[in-house]
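Asker: Protein sequences appear in the order of chains A and B.
Under the UniProt record's numbering, the first residue of the first sequence carries the number 1, and numbering increases by one thereafter.
Under the UniProt record's numbering, the first residue of the second sequence carries the number 1, and numbering increases by one thereafter.
Below is the structure I would like to discuss, written out as structure tokens.
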Amino acid sequence: MDRYQYLLLMAGCLLITLPLELVLRARVYRRPVRLLVALLPVVALFVAWDVLGIERGHWTYSARYTTGILLPLRVPLEELVFFVVIPICGLLTYEAVGTMLGLLRRRAPRREGRDA
Amino acid sequence: MPEYTALAVLSVLLTVAVEVFWLRTGLFGRLQYWLSMAIVFAFQVLVDGWLTKLSAPVVIYDESQTVGVRFPWDIPVEDYLFGFSMVTLTILLWVRWGRRHEEVAG
Numbered sequence: 001m002d003r004y005q006y007l008l009l010m011a012g013c014l015l016i017t018l019p020l021e022l023v024l025r026a027r028v029y030r031r032p033v034r035l036l037v038a039l040l041p042v043v044a045l046f047v048a049w050d051v052l053g054i055e056r057g058h059w060t061y062s063a064r065y066t067t068g069i070l071l072p073l074r075v076p077l078e079e080l081v082f083f084v085v086i087p088i089c090g091l092l093t094y095e096a097v098g099t100m101l102g103l104l105r106r107r108a109p110r111r112e113g114r115d116a
Numbered sequence: 001m002p003e004y005t006a007l008a009v010l011s012v013l014l015t016v017a018v019e020v021f022w023l024r025t026g027l028f029g030r031l032q033y034w035l036s037m038a039i040v041f042a043f044q045v046l047v048d049g050w051l052t053k054l055s056a057p058v059v060i061y062d063e064s065q066t067v068g069v070r071f072p073w074d075i076p077v078e079d080y081l082f083g084f085s086m087v088t089l090t091i092l093l094w095v096r097w098g099r100r101h102e103e104v105a106g
């Protein structure tokens, strides 16, 4: 089980942020094209940074807590998952905060709300 | 300056430059963004804290590539710059080009 620790942590991040989509109407997963447009350049850039970090010896990965599955250029599978999961969590947070602020503004009307 | 430190600082400068000189979304003037970053930061401490804890690290840093300041627990401070750049860039693209795409797509 230890070797799935990094992946399980990422799964936990997805799970804990899921209510932001379902309850707080973040509408991130429901706009998959827009999500891809935001995600692809970030994943590409940060995987590149990761490759550099690995090549230059800035960091290494625990053999015990990772699956050992390596993508091209010696990038652990977990790292690719990280660069997809964490930005999604960021977007869910941003949109959920937008929902909350929209609700607050509607209760104290001053300006028009965000798009529904 | 240690290499990871230099790259982390550079990433923040580039991210800010992307917004200021290119995308111009106005994101940095939005309460929604700063509240979100505060929340992201709080959760980064938990997740990053788990990944970098020296008692059982998942990611192992070469101390000579960082300034050596780890806070809280064992999180190298450079990671916060890394996180800022990654999440901010994502939101910038989401706000800027996502919206444009949706307009085109109807």
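Heads up, the beta-carbon is just placed ideally off N, CA and C, and yes, glycines get one too.
Nothing here was measured: the structure is a model prediction, and the numbers come from that model.
Could you check whether the Cβ of W73 (chain B) sits closer than 9 Å to any Cβ belonging to chain A?
Answerer: Residue numbering aside, residue 73 (chain B) sits at position 73 when the second sequence is read from its first letter. Not one chain A Cβ lies under 9 Å of W73 (chain B).
Asker: Would you give the residue range spanned by the beta strand (DSSP E) that W59 (chain A) belongs to?
Answerer: Here the question's residue 59 (chain A) lines up with position 59 in the first sequence. Run containing W59 (chain A): 59-61, per the beta strand (DSSP E) assignment.
Asker: Looking at the structure shown, is V77 (chain B) part of a helix, part of a strand, or coil, going by DSSP?
Answerer: Residue numbering aside, residue 77 (chain B) sits at position 77 when the second sequence is read from its first letter. Three-state result, V77 (chain B): coil.
Asker: Rounded to whole angstroms, what is the Cα-Cα separation between R30 (chain B) and L92 (chain B)?
Answerer: As a position in the second sequence, residue 30 (chain B) is number 30, starting the count at 1. As a position in the second sequence, residue 92 (chain B) is number 92, starting the count at 1. In a straight line, the C-alpha of R30 (chain B) is about 12 Å away from that of L92 (chain B).
Asker: Could you tell me which whole beta strand (DSSP E) segments of length 3 or greater appear in the UniProt domain "Lycopene cyclase" (5-93) of chain B?
Answerer: Qualifying beta strand (DSSP E) stretches, in chain order: 59-61.
Asker: Of all Cβ atoms in chain E, is any one closer than 9 Å to the Cβ of E19 (chain B)?
Answerer: The structure shown has no chain E; the protein chains it does contain are A and B.
Asker: Can you check whether the CB of Y65 (chain A) is closer than 9 Å to the CB of Y29 (chain A)?
Answerer: Numbered from its first residue, the first sequence carries residue 29 (chain A) at position 29. Numbered from its first residue, the first sequence carries residue 65 (chain A) at position 65. It is not a contact, given that the beta carbons lie outside the stated cut-off.
Asker: Hey, does P41 (chain A) have any beta-carbon neighbour from chain B nearer than 9 Å?
Answerer: The residue labelled residue 41 (chain A) in the question sits at position 41 within the first sequence. Chain B contact via Cβ: present.
Asker: When DSSP labels each residue in this structure, what does L104 (chain A) get in the three-state scheme?
Answerer: For the purposes of this step, residue 104 (chain A) is identified with residue 104 of the first sequence, where counting begins at 1. Looking at L104 (chain A) - three-state DSSP - the assignment turns out to be helix.
Asker: Please indicate yes or no: does the CB of A96 (chain A) lie closer than 8 Å to some heavy atom of the ligand SAH?
Answerer: With respect to small molecules bound, the structure shown includes none, and the ligand SAH cannot be examined in it.
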